[in-house]
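Under our numbering, the first residue of the sequence shown is numbered 91, with each subsequent residue one higher.
Input: a single structure, listed below in structure tokens.
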Amino acid sequence: MQIFVINLKPRTDRKEHMIKELTSKNIDYKIVEAINGWDLNKADYKFSCYMSSGEMGCYLSHFKSIEQITDEFGIILEDDIAIESLDFYEDIKKLKENLPKDWDICFLGSTPLYNSKYKDKIGDVIKINNFCDKVNGKQFGGNYMIKKSTLDKIQKFPLKAPIDIAFYAFGLNQYIANPPLIKHLPRMKSNTQRPIKADN
């Protein structure tokens with residue numbers, strides 16, 4: 091099982107957190123050095139002017155990670171999460187076995203699942219079974235399992251929204267693990283809306 095963790099090189103705090111988090115649960119992973127959007131010339135990319143440079147870098151970093159998948163599917167994690175699952179490998183196995191055959195992407199944890207103020211922002215959610223729901227709308231969260239073949243269905247540059255919301259725009263068959271296997275940690279400061287500083 092291929093697991094990729096996206097991390098901006100200067101964010102050693104997040105990297106150390108993820109190493110501790112995953113190691114404590116005996117989860118193998120590979121760190122993918124994120125692309126710092128604040129170092130890029132936004133004019134060189136076909137991104138929406140409404141996206142921040144940080145969101146652009148995040149978008150490209152997810153593509154960089156997905157492109158490294160060589161198995162049938164891979165797992166992409168951001169570096170500001172906690173693993174809720176007590177047996178991650180077994181829960182992923184059960185989740186995959188119970189996903190409908192048409193799945194393209196399955197979010198492992200979704201902000202609206204544990205923060206009610208977002209529930210009205212993701213569209214219709216349809217319960218499939220005791221392992222997953224289908225979501226017909228925007229998604230919030232950059233932690234997911236994704237088929238290698240899904241890369242052929244998404245585009246790298248003509249982006250008008252951050253990566254998690256953009257998956258919906260691509261028309262992917264989206265599912266959510268429910269109960270969630272991971273949880274976002276909002277206390278860890280993000281650099282999608284502000285450049286990296288020495289004290290971040």
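Idealized CB from N, CA, C, for every residue including glycine.
Near residue i, what residues of its chain come up, given a Cβ to Cβ distance below 6 Å and the 5 sequence neighbours on each side ignored?
| i | result |
| --- | --- |
| I109 | none |
| L167 | V95, N233 |
| N205 | Low per-residue confidence applies at N205: pLDDT is 49, beneath 50, and the placement is therefore not dependable enough to give any value. |
| W193 | N263, Y265 |
Please tell me whether residue i and residue j are closer than 8 Å, where the distance is taken between their beta carbons.
| i | j | result |
| --- | --- | --- |
| Y179 | M235 | no |
| I165 | I218 | no |
| F197 | Q245 | no |
| I171 | L275 | yes |
| A267 | L185 | yes |
| F221 | K243 | no |
Could you give the first and the last residue of the continuous alpha helix (DSSP H) run that contains residue i?
| i | result |
| --- | --- |
| Y265 | No alpha helix (DSSP H) contains Y265, which is instead part of the beta strand (DSSP E) from 264-267. |
| Y119 | No alpha helix (DSSP H) contains Y119, which DSSP labels as neither H nor E. |
| Y179 | 178-188 |
| A259 | 253-259 |
On the premise that residue j lies in contact with residue i, defined as a C-beta separation below 8 Å, what is that separation, rounded to the nearest angstrom?
| i | j | result |
| --- | --- | --- |
| F153 | I195 | Rounded, the Cβ-Cβ distance is 13 Å, inconsistent with contact. |
| D169 | H107 | 7 Å |
| N97 | I121 | 6 Å |
| F163 | K238 | 6 Å |
The beta strand (DSSP E) with residue i in it runs from where to where?
| i | result |
| --- | --- |
| L167 | 163-168 |
| E106 | From DSSP, E106 is part of no beta strand (DSSP E) but of the alpha helix (DSSP H) over 102-114. |
| D223 | 222-226 |
| Y35 | Outside the displayed span of the chain (91 to 290) sits residue 35, for which this structure offers no information. |
| Q92 | 92-97 |
| A172 | 171-173 |
| K291 | Here the chain has residues from 91 to 290 only, and residue 291 is not among them. |
| K250 | Looking at the DSSP string, K250 is not in any beta strand (DSSP E), and its letter there is neither H nor E. |
| I236 | 234-237 |
| I272 | 272-274 |
| I195 | 195-197 |
CB-CB under 8 Å to residue i, same chain, minus the five flanking residues each way: which ones, in chain order?
| i | result |
| --- | --- |
| E174 | G199, P269, P270, L271, I272, K273 |
| E157 | L241 |
| M141 | Y149, L249, K250, A251, P252 |
Near residue i, which residues of its chain fall below 7 Å by C-beta distance, leaving aside the five closest residues on each side in sequence?
| i | result |
| --- | --- |
| S143 | G127, W128, L130, K132 |
| D223 | V215, I216, K217, Y265, I266, N268 |
| I159 | Q92, K238 |
task: Give a yes or no on contact between the stretch 237-257 and the stretch 140-149, applying the rule of three or more CB pairs nearer than 8 Å.
output: yes
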